[in-house]
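Residue numbers (our numbering), protein chains in the order written: chain Y, 311 to 638; chain X, 20 to 525; chain S, 321 to 637; chain F, 18 to 344.
Presented below is the structure to which this report refers.
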Amino acid sequence: MKRFAVVLFVVLAVLLLSVVMAEAKYRIAFVPKLIGIPYFNAMEEGGKKAAQDLDVEFIYTGPVTADVAKQIEIIDNLITQGVDAIAVAPNDPAAITPVLKKAKEKGILVMTSDTDGAQDVRDLFVNQALQNEIGYTVMDELAKAMNYEGEFAIVSCGPTAWNLNIWIAYELERLAQYPKMKLVTIRYAEEDVQMAINVMLDLINAFPNLKGVIGQCSTSAPGVAEAIEQAGKSGQIVATGLSVPSMMAKYVKSGTVKSFVLWNPIDLGYLTVWAAKYLLDGNQFEDGKEYEVPGIETKPKYIAKDKMLVLGPPKVFDASNIDQYMFF
Amino acid sequence: MEYILECRKIFKSFGGVQALRGVDFTLRSGEVHALVGENGAGKSTLIKIISGALLPDRGDIFYMGQPVRIDSPRKAQEIGISTVYQEPLVYSELSVLENIFLGREIRTPWGNIDWKREEEQARSLFASLGLPHHFLREPMGELSVGLQQLVLIAKALVYEAKVIIFDEPTAILTEHETERLFTIIRKLRDQGVGIIYISHRLEEIFRIADRVTVMRDGEVRGEFPITAVDRAKIVELMAGKLLVEEIARRGVKGDHPLLSVQGLTRRPRFFDISFDLFPGEILGFFGLVGSGRTDVAQTIFGLFRPESGKVFFDGREVSFGSPEEAMQAGIAYLPEDRKVQGLFPIQSVAYNISVTVLRELVRRLGIVDVRKERDIAEKHIRELNIKTPNLKTRVYSLSGGNQQKVVLAKWLSVTPKLLILDEPTRGIDVASKSEIHNLIAHLADQGLAVMMISSELPEILKMSDRVVVMHEGRITGVFEGPEKTAENIIRAATGERMAVAGGVGV
Amino acid sequence: MTNTGFRKVLRRREFTVLGLIVLLVVLFSLTTERFMSVSNLSNLLLQLAGTAISAIGMTMVIITGGIDVSVGSTLGMASVVAGKLLVGGYSPFLVLLSALGTGLVIGLFNGTLIAFGNVPPIIVTLGMMSILRSLMYQLLGGRWISGIPPAIRVIGLGKWLGVPISMWITVVLIAFFTYFLSSRPLGRAIYAVGNNPEAARVSGIDLRRTTLFVYAVLGALAGFAGLVYVARTGIVQTNTGSGFELEVIAAVVLGGTSILGGRGTIIGSLLGAFLVGIIKNGMVLLNVPALSEGLVVGVLIILSVMIDVIRARGERS
Amino acid sequence: MKRVLDYIVENRVLFLLVLFVALFVVFAVSVPGFFTFYNLTNMTQYGVELGLLALAEMLVILSGGGGIDLSVGSMLTIVAMIIGVLIGRVGLNPSLSILLGLFAGAGMGYLNGVLVSYTGILPFIVTLASLYIYKSLALIIAVDPRFGPNPMPVSNFPESFYFVGQYRIAGIPFQVLCIFIPVILLLWLLLEKSIFGRYLYGVGSNEKAALFSGINVCRVRVTVYTLSGILSALSGWIITSRIASARPDIGTGYELQAITIAVLGGVSIKGGEGSIGGVVLGIAIITLLYNGMQLAGIHQIWQLGSLGVVLVGSVLLNQVLLARRKI
């Protein structure tokens, strides 16, 4: 009994202490879709930089695979820990709603970043670029590289990745403007470069008239480019898509990839933490206003009706500018 | 050097139990030395020590006059001591050839296995034993158990064994296979091999052994040239008391047959089987393994569908689709191979006894009445004198005889009308055997109909009121009263072919 | 005698799988002209190399009655080590040794716990899988490895006589281990251990050493497969090799190796890997919707095993 | 003291209990926010879905004959999709949809069971095949024509649907109190007290002896696989309600985790041995471990590794202690 009392005392003391310590700095958490991939690493880097500049505590934690259920569990535990703000890149925009609602009820600032979700609950969405603009830009880049005609394929990643599917939908919408282009198939290669290579090699064989391909995510874009080079089709088939410069540079330089699309994820991470601090400090964003954020290269714009802060237009990387962005 | 193998004052204990208390044992080259004793007498412990599976606590072993330390089965084999186990330890998926040579391959200069020379050697070996050798490349699993055992003997010879231990070799052999084995053992003896022979069947020992050592309670109770003892003396030393070979029966045979089988056929196993079985009667079924006895019993029990023929049970025609249905009608079947078909080794004693009667213990919604379950188990443990620490003891830790009693208890607990016993006393010690015999007689006296399959002629003669003899799937004789003689039965049962399994005949 | 010998071949499970492969090849060649093209077949071989190399070791492990679900993460770990060293500019030979070594150490660790710790293989390797994944994340820290120097990539991409070099290596490995399993005493001991451990112990086979050996070999082979992976893709990501274990196990099991132990051949596993590979390849060529790929693979697995079962029944009666 | 230790080593359930208490005390002392009523009740919900799958795995493994169900994750997924599509896209009554989903789970489990029992194909192969098949079907069901040929999650459920996964009674999550605990009690009754449980252990420890004892081996096995399907379906329903979204990728990789937990709980891979108490403790330990480590701010990466260490370590420790005792 005595020992139990001692244990209880220690526990209470630790609890109290942690509460006191928590008061010292804002604790801002960012939960990516998954950890251990270059894209979110870049966001983490940006977040860390912002935390240093703004003197807040930055917590970066997420599931090791893009697992919705695990992500929710992690957010729930962040609520238990009593952080001040949670920003999420949700694996499923709807699934995230209940737990974010709970966070909000506990007085936590709730945001989404990179991918939107829980629109009626979250306080802010930090958006890298508008969904339709991303889809359109990718399609335009492909069309330009293919000289506006011929067959092309899409190699996507997880067949259920929500934002990839949305982008594909916008790409197809844009396709209407290019009547001489034809989509032959959509294939899935998970988040796995080797699988993307395999799938693309099979596609090259299956569709001899293939002229272009979209690698829909950061693993499939270098994968399809690699496959084209392995098959010796560089120059006949062009690849584009969404990926990070450090992995695409090789293919841009060899000409297999003319251009590809992304944004600056370091800036996105920075902006997320900056915006959280801004709101925690009691500030409000104004509609249509472009903000000057020290440390990032674009001027983010606030759209009040969507409670959305947009980093900027999607960025097109090609041989002319890729060397400046090799750090992510 | 008088003895090829000599054990002096061997002691061995497990936990607190003293299994061997200063055992002396000797073996000459060119003799068959029988080792007898009840289960738990220490035979197997001694054998395990000689074959390297166990190390003695104290005592010395001399091999060819030199002290040796046999610390592994491999070591034993290397110095020339081989063991043929009761249940042959084989690689069923590998070829006969590999079963012989595995662990001691003949190699080419490159270190590869030299299949050709292995086959040559095996062929000449088999020829010298008078065995055919066309099946050397077949998987071992396709051979009959008897043949497998002969292959293992050949294996011992490949190891140039000077001592071969036979651990109850005939327990799973047919009469005919046993004869074949004895011929080979005599041949080996004449070649100068020392043979240790363990068996529960005393009649065999008188036929094959030169010397006999009797053990009881971890000690040697006597060692004699075989000509200097008789059966009664050995039994007395083994059991400490004389066993009666006659059994008292009250003879309360009913008027109407409980089971009536007419023209039952399931090709190629058995053809046109007809017999009646009355309440209170023990009907013996004799025949070689593979003669179809077990198949008839299992077909009646609902494990197989017959092609034609009728079965009447308790006055009406039946055709059971599963053992479940047969049991519900009142038939119990004690299977032949208790380890494989009878026991749930990792479950408790209580579980094993009550599992067949659970349906009667169900109260509501499929929930079992645990108290009744325990009562039934306790009752049978008492009645069959099963030696177990408690009800929850897992069955695998009991001795062979007690395991067999547990299986029997399992079938008795259902209080059937017809009890089919398939080799009820195979491989168990004399005392337990006798207890089980008495129990069977007692049950029949209470009006139970018993169908008893056995390969042991003495058992059949002792127990049965009538004997049905089968050969190659057909009934070749039914004997009763004064006609029920060993000579008649053997004549009906023997064909000149050995049992054939998996298409490999000998 | 030859007649029964031939019948025995027909009865083998490998034959069923081979039959299915032939059937599919005919089907695909008739329906798409692209299937029989050199480039497509060469692709197929390229894609299969990693699976086939690991399947050699997995076959041996399963023959002993064991299983290794950590093979995917072993491959991943080895490719992380190889990738790091390659980018660091170390000699390809050293890289080869360290990839093999990484796999070997992992295999030895698995084997030691299984053989000497008496822990069931599924538990050891499930645990190992999580531990390795954890270490891989830690080593990479989320940064993927790219920019693998071209010298090493010959293993993954180069061709000799029109056949990928990785496939030549695979063929050599398969030939060697088939010979090893059929003609070397230790090879036969692997079957013995899986078929009847008790008998193996009595006939003087060192069970522990044999067990340790098969896991070590599988580890080393998975390590080598990791190197082939790096050489092929030129990129090492954190989840390299995830899900690979089921692919390898499926190939081995489909190829007729009994998961109860004691039976199986490497050729069978190779055929199993081919069957799955051809199905996937054919479905792309026929442009069957990607989502139903699993449906077809699953149904074919059941079908191919079912054919065996039915035939075995037919023979018995 | 030594005898107490011996007893613990021999009794896996007790061993797990000691491990559980030890972990609990360590977390309670060292992790802020752990030892609160809120956290202790809140974390239980994360053990439910995987827990149900582990229980399913326990039943199947117990039935012996190489029993294993690799398809539990896929069955969970497809049931989640069926319920999701029926409610969210077809607009069927939620209760009816859930019922249909559970029936579908039972049906798929039944199919596994029939294939295992009546064709003689090993469970490992049957369920490996159905893992692929059910997963693929889930993807096909999930295709939403409005978004082209892509499978999409479903998330427009009526508020009432969230009751199971998101509501609480006296602070305790509804699904824990009203589904998980009753399921555990029912399974306890089934395994420990009922005739079916007796038969299951019998079939698992010796299939032949069970047949000769008049037990219908096939029926027992088919029942077990069907139960596995039902438990997976329940799990699929709960997870859909909890995360408010039916996803065709939700159960990926759950099968190996479920097997891990069942084995950690002391279920013997050979069948016939293992208890529900052990498996429940296995679930509790894993749930506790994840929660404690997350609250302590330990990197996710280490959580994965620690699962492996706990699994191998606990079994190894048990074996080593057992071996030492024997000498």
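Note that CB positions come from ideal geometry on N, CA and C, so glycine has one too.
query                                                                                                                         : result
Through-space distance from residue 544 of chain S to residue 123 of chain X, alpha-carbon basis                              : 33 Å
Beta-carbon neighbours of residue 516 of chain S, restricted to chain X and to distances below 8 Å                            : 108, 109, 110, 111
Where the segment 448-472 of chain S meets chain Y: residues whose CB sits under 9 Å from a CB there                          : 453, 454, 456, 457, 460, 461, 462, 463, 464, 466, 467
Residue 495 of chain Y in three-state terms, based on DSSP                                                                    : strand
Residue 573 of chain S, enclosing alpha helix (DSSP H) - first and last residue                                               : 564-574
Buried versus exposed call for residue 465 of chain X [16 or more other C-beta atoms within 10 Å across all chains shown]     : exposed
Short CB-CB distance (under 7 Å) between residue 276 of chain X and chain B                                                   : Protein chains in the displayed structure are Y, X, S and F, and chain B is not among them.
Collapsed DSSP secondary structure at residue 600 of chain S in the structure displayed                                       : helix
DSSP state of residue 261 of chain X mapped onto helix, strand, coil                                                          : No answer about residue 261 of chain X holds up, because its pLDDT of 39 lies below 50 and its placement is not dependable.
Listed by chain order, chain F residues near residue 512 of chain Y by CB distance under 8 Å                                  : Within chain F, no residue comes near residue 512 of chain Y; the closest Cβ sits about 18 Å away, beyond 8 Å.
Beta-ladder partner(s) of residue 25 of chain X, from DSSP                                                                    : X/45, X/81
Buried versus exposed, by CB contacts within 10 Å (16 or more), residue 186 of chain F                                        : exposed
Proximity of residue 625 of chain S and residue 374 of chain S at Cβ, strictly below 7 Å                                      : no
Sequence-distant residues of the same chain with beta carbon closer than 7 Å to residue 80 of chain F, five excluded per side : 217, 220, 221, 237, 238, 241, 288
Simplified DSSP state of residue 522 of chain Y, which is helix, strand or coil                                               : strand
Three-state secondary structure (DSSP) of residue 626 of chain S                                                              : helix
Distance between residue 499 of chain Y and residue 529 of chain Y (C-alpha atoms, nearest Å)                                 : 9 Å
Cβ-Cβ distance between residue 512 of chain S and residue 525 of chain S below 7 Å                                            : yes
Contact set between the segment 282-295 of chain F and chain X, restricted to residues whose Cβ is under 7 Å from the partner : 289, 290
Three-state secondary structure (DSSP) of residue 414 of chain Y                                                              : helix
Residue 594 of chain S versus residue 609 of chain S: straight-line alpha-carbon distance, rounded                            : 21 Å
Minimum Cβ-Cβ distance from residue 570 of chain S to chain F less than 7 Å                                                   : yes
Cβ separation of residue 302 of chain X and residue 483 of chain X, assumed to be a contact under 8 Å, to the nearest whole Å : 7 Å
Separation of residue 330 of chain F from residue 396 of chain S, as counted between CA atoms                                 : 23 Å
Listed by chain order, chain Y residues near residue 80 of chain F by CB distance under 8 Å                                   : Correct list: empty, because the minimum Cβ distance to chain Y is about 28 Å.
The segment 419-430 of chain Y / the segment 531-538 of chain Y touching (three or more Cβ pairs under 8 Å)                   : no
Beta carbon proximity, residue 535 of chain S to chain X, threshold 7 Å                                                       : no
Reference residue 104 of chain F; option with closest CA among F/247, F/267, F/311, F/159                                     : F/159
Straight-line gap, residue 270 of chain F to residue 91 of chain F (C-alpha atoms, nearest Å)                                 : 9 Å
Top-ranked residue by Cα proximity to residue 546 of chain Y, from Y/563, Y/559, Y/522                                        : Y/522
CA-to-CA distance, residue 174 of chain F to residue 261 of chain F, given in whole angstroms                                 : 7 Å
Interface positions of the segment 483-509 of chain S facing chain X (Cβ-Cβ less than 9 Å), listed along the chain            : 499, 502, 503, 504, 505, 507, 508, 509
Best match in Y/386, Y/380, Y/563 for proximity to residue 633 of chain Y [C-alpha to C-alpha]                                : Y/563
Three or more C-beta pairs below 8 Å linking the segment 417-429 of chain X and the segment 392-409 of chain X                : yes
Nearest neighbour of residue 445 of chain S, chosen from F/336, F/176, F/328, F/130 [CA to CA]                                : F/328
Residue-level contact to chain F via CB, residue 304 of chain X, 7 Å cutoff                                                   : no
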